[in-house]
Structure formats: C-alpha cells, structure tokens
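These notes concern the structure reproduced below.
Residue numbers (this note's numbering): 1123 to 1611.
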C-alpha cells in the first residue's frame, strides 16, 4: 500500500509567490522534495487539501494539473494524484553511508583567504524603516516598470531568443556595447572602439578584473582616505602595497602621490563618500604625472548621471591621450542596483586580458539581461528615467539641505553637481556607529562613517546620509530625529 503526504505538511508561505496558486505549487513541491517521497506516494484529495488550507477546490485542481505537466505528480486512475517517478531534481541520500574520518579543517584550507575588514553593511529589511537614509538603493516609484517590461518582452521574443540563448564564449551583446560607445561614453567625452569596451557585472566586477590584472606585490597602489572600502579590500586581496592618501574638499591631491606610485584608484567626479569633485586643473596634473612617472589610473565614474545642479566635469579618461586611464562605469546606480550591468573602458590589450579573465569566472554577463538593458537605453527609456531621477534628487537635496541648515549637524561634504548623498558630522564626541544603533528605535537608518577609513578617527562622528530611497516628505522629520539622538549626552 502506498504511503501518503498528509495535508498538514503542505503549508503556504507568502514569500514564495504573489498568488495563492503560486504559493500552493511551491508548497507541494517543497513537501515532495523535503520528505523524499517515493514515486506513487499519494497526495491529499483536492477537496481535503482545499479545506485544510482554506482554498477553493478549483485552485488545488489547477495546481495539481500544472505539477502533473511539469513531471512532479502523476494521475493514477481511480486513485487520485501521486508523486511521479519523473520528479525533477529529486534529492538523493546515500543509504548506509557512515562518517569514518573528521571533516576538513576549513580554517586550514582557507588560511590564506581572509574576509574583508571593511564592508558597507545595509540591513536586508531597510524598506521597513520609515526614514531610510541609505545610499545606493533604488526608489521603485521613480522607475518605469512598463517600459522595462516591454524591453524584456522584446529580448525574450522568438526573434532574439536563438542569438541570446547561445554561449557567446566571452563576447558581449553588440547592441549594448554599441550604445555604450555611441551614447554613454561620448557624454563623458570618451571615444572607444568595440575592442576597448568590456561589459561587466557592475562596476564592482570591473574593479576586481582591473586590480587582478594590474596590481602586484612590487607595485605601490594609492587610493583615497576616506574612500570606498572595496578599493582597499580588492587591493588587499591582491596583496598590493597600498598608500591611503588623505583627500581635501577637491579630492585627491596629485602632488602628494609618492614617487614610486604605480597604480591610482580614484573617484574624481563624485568622491566616495564626501562627494568632492576634482577640479580640471588637478585632473590635468594627475594625467601629466601618470605619464611622467609611468603609472596607471583606475577611474570609478559611478555616479556621473546624477549631475543635476551643474554639468559634470570632464572624465579623466577624456583627458587621457596615452591610454593610462582605465574607466569604470555602471548602470546599476542610475537604474537599479540589482541590475548589475557595468562596463570597463581601456586599451584593447587590457580589455582582451580582462575578457579572458572574466570568461574563466563567468563567461559573460547574462545575454538576455544585456539585451533588455540595451533596448531600454536605445529606445529612449533610459534618458527619460534619468530626467525623472534628476528632478526627484534635486527636490530631495533641497529639502535635506534646508532641514540640515536648521540643525546642529554639520555638512562635511556634498557633490557640487548633485549626487544622492551628503557627508555629515555630528557634535564633538559623537560616535556615528553608536548613533546609528540608537536611531534604529526611531526607524531611522544612517550609514556610519568609520567603514570609509583605513584608519578611522576615534570616535568617528562622520556619517553618510543617502536620499535616493527616502520620500522627500519624510526627510525633515528624519533629520530632526537624527539631531535629537546625536545631541543626547
């Protein structure tokens, strides 16, 4: 006699799917796999399962039929629904296997690989905060979902499917590369051939590839202090000797670079985290020194689209006549961070090596995602989105600055051309990490500043306020709560 799966082990989870039908399908599949039910194991009747879960019998019947077509279940004449012999991804367990030796000592095996010392952490439930002053998260209300859906339909259609379903063996989507070359880069004064552009999984992936190829134990790297933590950690992983050069209100000072510098990583347009913009004179000086001393520059131009108060300054790459600047860009900041589509621009020899290295890790970013992005850009949706985004950021910036002007909090840095964050300081003796912890009770989320320093001040009163994911109507009250908490002795 065949065993049965009881209705009690089939339970719905809201997180599995937006509809009850989808939740039920996930629940049945989960019950079948986790119980390791054998073929022929009976499922509850549609009537009994519907009654147990408070669903209509029709919903259960439709789900059963769908799972039969997928090979999870089968219909047995006069006996109902049972687990099929063709269950996909059946979980197998070796019978009679016994552990005879100790498990591997992973501390020993991984002794040469260390977790990052500095990492920006944002709670997964940041949307639950009433005042989420965090940087880098998208506001869904500003995004044209219908336009993105239309582009996805185009990319997933039969006309494109065969091309996008193939393994490109390291090649990128020519439509996306063409748009980057003909539209995105010229806005920054950059010209590049097809062999000088590599599509990456966000600027983060581009940074890793560039550092992996260029950093060495005998090459001094220089980056900003304070600065983006992942610059430090990527160089640390590459075992590169690194100097953390203090910045001022105009960014990195080229005259302070050590004489034996071989690699510079910088954010000249919108310095992380202060927002400082390197003036044209310093940019020219940095390029000139690179030629005189034979070093290379990695330019992270992550936020140039957020220039709504003034035109963006020329990219370092646009001033580079010798091919010494490796330019990193991303659509993740301007569209949404989960997109993970970025690009690297550099000399053809470097891009060829980076493509080969990327191919070892992941071949290429998903072709359909590249094509969806390409359509979104080419059909004008991206430009319309940037206009909306700039308008919203301009309003929020004005509200935030007005609220801060009426407070005792001090602005230490803000991008003159726009951006979506401000660098602040609390009162003397304030520790921003402690402040952030106390603000959680008020549903306020800020980013403590110590993570941006290789050697942070003690205590560190600095913190970053992002305004890209908070409604402007909540900004004044949020700032008031921050000030109140910051001035509690």
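Think of the CB as a built atom: it goes at the ideal place given N, C-alpha and C, for glycine as much as any other residue.
What you are looking at is a predicted structure, and each value in this text was computed from that prediction instead of being measured.
Counterpart residues of residue i in DSSP-defined beta bridges
i: residue 1466; result: 1320, 1450
i: residue 1586; result: 1545, 1569
i: residue 1421; result: 1388, 1449
i: residue 1345; result: 1366, 1387
i: residue 1195; result: 1205
i: residue 1254; result: 1567
i: residue 1536; result: 1544
i: residue 1373; result: 1370
i: residue 1164; result: 1126, 1204
i: residue 1429; result: 1540
Beta-carbon proximity check, residue i vs residue j, cutoff 7 Å
i: residue 1331; j: residue 1470; result: no
i: residue 1423; j: residue 1391; result: yes
i: residue 1619; j: residue 1547; result: Residue 1619 lies beyond the residue range present for the chain, which begins at 1123 and ends at 1611; the question has no answer from this structure.
i: residue 1170; j: residue 1129; result: yes
i: residue 1387; j: residue 1353; result: yes
i: residue 1207; j: residue 1166; result: no
i: residue 1473; j: residue 1495; result: no
i: residue 1490; j: residue 1263; result: no
i: residue 1182; j: residue 1168; result: yes
i: residue 1311; j: residue 1440; result: yes
i: residue 1497; j: residue 1273; result: yes
i: residue 1164; j: residue 1126; result: yes
i: residue 1347; j: residue 1368; result: yes
i: residue 1132; j: residue 1148; result: no
i: residue 1375; j: residue 1418; result: no
i: residue 1341; j: residue 1385; result: yes
i: residue 1564; j: residue 1522; result: no
i: residue 1366; j: residue 1576; result: yes
Closest by C-alpha distance to residue i, when choosing among the options
i: residue 1299; options: 1268, 1155, 1320; result: 1320
i: residue 1487; options: 1165, 1295, 1173, 1139; result: 1295
i: residue 1493; options: 1130, 1281, 1345; result: 1281
i: residue 1525; options: 1328, 1224, 1315, 1605; result: 1605
i: residue 1377; options: 1358, 1511, 1405, 1263; result: 1405
i: residue 1381; options: 1227, 1272, 1481, 1343; result: 1343
i: residue 1420; options: 1325, 1505, 1462, 1359; result: 1325
i: residue 1266; options: 1566, 1409, 1457, 1485; result: 1457
i: residue 1247; options: 1396, 1210, 1566; result: 1566
i: residue 1454; options: 1468, 1427, 1608; result: 1427
i: residue 1562; options: 1244, 1230, 1190; result: 1244
i: residue 1235; options: 1338, 1356, 1284, 1312; result: 1356
i: residue 1350; options: 1582, 1595, 1574, 1360; result: 1574
i: residue 1259; options: 1499, 1500, 1523, 1425; result: 1425
i: residue 1338; options: 1362, 1590, 1322; result: 1362
i: residue 1436; options: 1597, 1448, 1249, 1401; result: 1401
i: residue 1515; options: 1592, 1394, 1459, 1484; result: 1592
i: residue 1408; options: 1397, 1434, 1373, 1173; result: 1373
i: residue 1297; options: 1499, 1227, 1284; result: 1499
i: residue 1172; options: 1142, 1191, 1279; result: 1142
i: residue 1237; options: 1283, 1192, 1358; result: 1358
Distance between beta carbons of residue j and residue i, contact taken as under 8 Å
i: residue 1537; j: residue 1399; result: 7 Å
i: residue 1151; j: residue 1194; result: 6 Å
i: residue 1257; j: residue 1569; result: 7 Å
i: residue 1328; j: residue 1450; result: 5 Å
i: residue 1607; j: residue 1560; result: 5 Å
i: residue 1293; j: residue 1333; result: Wrong, their Cβ atoms sit about 23 Å apart, outside the cutoff.
i: residue 1318; j: residue 1468; result: 6 Å
i: residue 1518; j: residue 1599; result: About 14 Å separates the two Cβ atoms, so there is no contact after all.
i: residue 1261; j: residue 1535; result: Contact flag wrong, Cβ pair sits at about 23 Å.
i: residue 1345; j: residue 1322; result: Actually they are not in contact, since the Cβ atoms of residue 1345 and residue 1322 sit about 19 Å apart, beyond 8 Å.
i: residue 1336; j: residue 1479; result: 11 Å between Cβ atoms; not a contact.
i: residue 1485; j: residue 1289; result: 7 Å
Residue environment, residue i, which counts as buried when at least 16 other CB atoms sit within 10 Å
i: residue 1530; result: exposed
i: residue 1430; result: buried
i: residue 1305; result: exposed
i: residue 1540; result: buried
i: residue 1145; result: buried
i: residue 1270; result: buried
i: residue 1509; result: exposed
i: residue 1137; result: exposed
i: residue 1482; result: exposed
i: residue 1545; result: buried
i: residue 1502; result: exposed
i: residue 1223; result: exposed
i: residue 1553; result: buried
i: residue 1230; result: exposed
i: residue 1551; result: exposed
i: residue 1210; result: exposed
i: residue 1241; result: exposed
i: residue 1609; result: exposed
i: residue 1287; result: exposed
i: residue 1465; result: buried
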